[in-house]
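Just so you know, we're using this note's numbering here: the sequence shown kicks off at 2 and counts up by one.
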Amino acid sequence: MKRKLFLVLALLLVVTGVDAQKVDQRLMRLVQHAATTRALSAHPDGSQAASNHLVARYNADGTIKNLSAYAILEKGAECPTALLEQMGIQVRFITDDMVGLVIPADKLADLILCGIGEELSNNNIIDCMKKIFEYADQVGKPAVISVSLGNPLGLHDGSEMVGTAIAKLTDNGTKPGRAVVVSSGNQGEHYQSIVQKLSGADDELKSVLGARSFTSDKLPRYRQGFIFYADDYKDFSIEIKLVNIATGAVEEWEKQMTDSDGDVYRPKIEKNTDVPTAKGGKAVTYGFDVERRGTLDDPNLRLALFVKPGSAGQTIKMVCDGDNNDEPCFDAPTEGGYDFKTAGYTKGNGNLACNTSICNMACIFISPPCGYRIMAE
Numbered sequence: 002m003k004r005k006l007f008l009v010l011a012l013l014l015v016v017t018g019v020d021a022q023k024v025d026q027r028l029m030r031l032v033q034h035a036a037t038t039r040a041l042s043a044h045p046d047g048s049q050a051a052s053n054h055l056v057a058r059y060n061a062d063g064t065i066k067n068l069s070a071y072a073i074l075e076k077g078a079e080c081p082t083a084l085l086e087q088m089g090i091q092v093r094f095i096t097d098d099m100v101g102l103v104i105p106a107d108k109l110a111d112l113i114l115c116g117i118g119e120e121l122s123n124n125n126i127i128d129c130m131k132k133i134f135e136y137a138d139q140v141g142k143p144a145v146i147s148v149s150l151g152n153p154l155g156l157h158d159g160s161e162m163v164g165t166a167i168a169k170l171t172d173n174g175t176k177p178g179r180a181v182v183v184s185s186g187n188q189g190e191h192y193q194s195i196v197q198k199l200s201g202a203d204d205e206l207k208s209v210l211g212a213r214s215f216t217s218d219k220l221p222r223y224r225q226g227f228i229f230y231a232d233d234y235k236d237f238s239i240e241i242k243l244v245n246i247a248t249g250a251v252e253e254w255e256k257q258m259t260d261s262d263g264d265v266y267r268p269k270i271e272k273n274t275d276v277p278t279a280k281g282g283k284a285v286t287y288g289f290d291v292e293r294r295g296t297l298d299d300p301n302l303r304l305a306l307f308v309k310p311g312s313a314g315q316t317i318k319m320v321c322d323g324d325n326n327d328e329p330c331f332d333a334p335t336e337g338g339y340d341f342k343t344a345g346y347t348k349g350n351g352n353l354a355c356n357t358s359i360c361n362m363a364c365i366f367i368s369p370p371c372g373y374r375i376m377a378e
């Protein structure tokens, strides 16, 4: 199964006596815009917590001399003048809620981007992190790597390859001067997971797979990835079928789905019996990707999954990466004319955090990292 990881690597380093690099004014404007946008996003009441005006001053040789910033304080907040001056940042003036700052070049941070290359893979991501930390060691600077790892398709047990590498590179998050921030917050709100115990050996878990999007003729299209496994990592049975949302009928596979080239397409579930677990064992997983935008030929048709346990009491875990779906990833629809919920189908319960497959507490996470979510009333 191909993994779709979207990555930006950045390193923020506290400079310790190393000459700063010349910064293009366009980059300064980009930083200014990003800082202001992030501040407004973090403070819905409109108060800002970051600079909204930055000016760089240069030495004769083109290196940065200092950075002037005008910062707007939160309402009612006091300027931490003493703390700023301890950090070597000069407070030029304080007027109402505005503060003028001068930041010397040796207090600025370096920004380093690591190119992944033509192929995005776990190995390339890990190689980039190693190179950034090696550079930081060479110049004697602490390093923070920010990396977006929003793909949720994994065992969520700490065994994921990149998560394991992060733990090794940071001594399980304890190594001084090294930190990895995993930003991964936009998934998990589209019914992307099911965790369900099947108490009896003959119990069945059924769920309708919602469409990723629709054609102009309202035909459902799929382009998602899925993974399925049990809490004991042992085998179970799973089938993918077609259901009619108007009648609830399970229909036979014929020519109902075509790919982006117009060829007949049928999703195939792949079984893997050799997936490493965090405790050194092997897990059985099933999964499939609809990579070529499969389109069904009837607006009432949907894909559906039917799962039976390998043994009584087995808990089945199902995860989908369709965070931009038009319909819930896992669904039990009622609006199409047939009540799938009453018929025993399960809608995604969202109790497995589906924002990343990285479940290693050596990382600093933006959004809940793994395991079960705390659902607000």
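Cβ coordinates follow ideal geometry from the N, Cα and C atoms, glycine included.
From a predicted model like this one, the values you see are computed outputs, not experimental measurements.
{"Check": "DSSP on Leu156, reduced to helix/strand/coil?", "Outcome": "coil"}
{"Check": "In whole angstroms, give me the CA-to-CA distance for Arg27 and Lys108.", "Outcome": "Residue placement at Arg27 is poorly supported in this model, since its pLDDT is 40, which falls under 50; the coordinates are not used for a value here."}
{"Check": "For Leu154 versus Leu304, is the C-beta distance shorter than 9 Å?", "Outcome": "no"}
{"Check": "Quick one: what's Asp290 bridged to in DSSP?", "Outcome": "Gly226"}
{"Check": "Roughly how many whole angstroms lie between the Cα atoms of Val103 and Lys142?", "Outcome": "22 Å"}
{"Check": "Measuring straight from C-alpha to C-alpha, what distance separates Ala70 and Cys115?", "Outcome": "28 Å"}
{"Check": "Are the beta-carbon atoms belonging to Leu382 and Glu336 less than 9 Å from one another?", "Outcome": "Residue 382 falls outside the range modelled here, since the chain spans only 2 to 378, and no answer is possible."}
{"Check": "State buried or exposed for Met88, treating a residue as buried only when at least 16 other CB atoms are found within 10 Å of its CB.", "Outcome": "exposed"}
{"Check": "Can you find the residues in the same chain that come closer than 7 Å, C-beta to C-beta, to Arg213, ignoring five residues on each side of it along the sequence?", "Outcome": "Arg222, Tyr223, Arg224, Gln225, Gly323, Asn326, Asp327"}
{"Check": "Where does Leu170 fall in DSSP's three states?", "Outcome": "helix"}
{"Check": "How long is the line joining the alpha carbons of Ser358 and Asn60, rounded to whole angstroms?", "Outcome": "46 Å"}
{"Check": "Pick helix, strand or coil for Gly345, following the three-state DSSP scheme.", "Outcome": "coil"}
{"Check": "Tell me the rounded alpha-carbon separation between Leu150 and Asp332.", "Outcome": "25 Å"}
{"Check": "Would you give the residue range spanned by the beta strand (DSSP E) that Ile65 belongs to?", "Outcome": "65 to 73"}
{"Check": "Assuming Pro300 and Lys219 make a contact with CB atoms under 8 Å, what is their CB distance in whole Å?", "Outcome": "5 Å"}
{"Check": "Kindly list the residues whose CB is nearer than 6 Å to the CB of Arg293, restricted to its own chain and excluding five residues on each side of it in sequence; keep chain order.", "Outcome": "Asp260, Ser261"}
{"Check": "Can you look up Glu380 in the DSSP assignment and give me helix, strand or coil?", "Outcome": "With the chain running from 2 to 378 in the structure shown, residue 380 is simply not present."}
{"Check": "In terms of alpha-carbon separation, which member of Pro177, Gly288, Met130, Cys330 lies closest to Thr274?", "Outcome": "Gly288"}
{"Check": "Here's the rule I'm using: 16 or more other beta-carbon atoms within 10 Å means buried, otherwise exposed. How should Asp298 be labelled?", "Outcome": "exposed"}
{"Check": "Just how far apart, CA to CA, sit Tyr339 and Ala284?", "Outcome": "36 Å"}
{"Check": "Could you compute how far the alpha carbon of Gln197 sits from the alpha carbon of Ser208?", "Outcome": "11 Å"}
{"Check": "Looking at the structure shown, is Met162 part of a helix, part of a strand, or coil, going by DSSP?", "Outcome": "helix"}
{"Check": "What residue from Met319, Gln257, Ala279, Val100 has the CA that sits closest to Thr286's CA?", "Outcome": "Met319"}
{"Check": "Between the C-alpha atoms of Val163 and Arg267, what's the straight-line distance to the nearest angstrom?", "Outcome": "32 Å"}
{"Check": "Residues in its own chain within less than 8 Å of Gly18 by CB, not counting five upstream and five downstream?", "Outcome": "Confidence at Gly18 is low in this model, with a pLDDT of 25, below 50, so its placement is unreliable and the value that follows should be read with caution. Correct list, in chain order: Asp107."}
{"Check": "Could you give the first and the last residue of the continuous alpha helix (DSSP H) run that contains Ile127?", "Outcome": "123 to 140"}
{"Check": "On the three-state DSSP scale, how would you describe Asp275?", "Outcome": "strand"}
{"Check": "Excluding the five sequence neighbours on either side, which residues of its own chain have a C-beta within less than 7 Å of the C-beta of Asp233, listed in chain order?", "Outcome": "Gln315"}
{"Check": "Looking only at C-alpha atoms, which of Ile246, Lys309, Pro310 sits nearest to Phe341?", "Outcome": "Ile246"}
{"Check": "Taking the Cβ atom as the reference point for each residue, do Ala363 and Val182 lie within a distance shorter than 9 Å?", "Outcome": "no"}
{"Check": "Alpha carbon to alpha carbon, how far is Asp158 from Glu205?", "Outcome": "25 Å"}
{"Check": "With a CB to CB cut of under 8 Å and the five nearest residues on each side skipped, what residues in its chain are close to Glu271?", "Outcome": "Met2, Tyr287, Gly288, Phe289"}
{"Check": "Pick out whichever of Ser122, Gly345, Cys330, Cys360 has its Cα sitting closest to the Cα of Ile195.", "Outcome": "Cys330"}
{"Check": "Alpha carbons only, please: which of Asn123, Phe94, Ser312 is nearest the one belonging to Ser238?", "Outcome": "Ser312"}
{"Check": "In whole angstroms, what separates the C-alpha of Tyr230 from that of Gln257?", "Outcome": "28 Å"}
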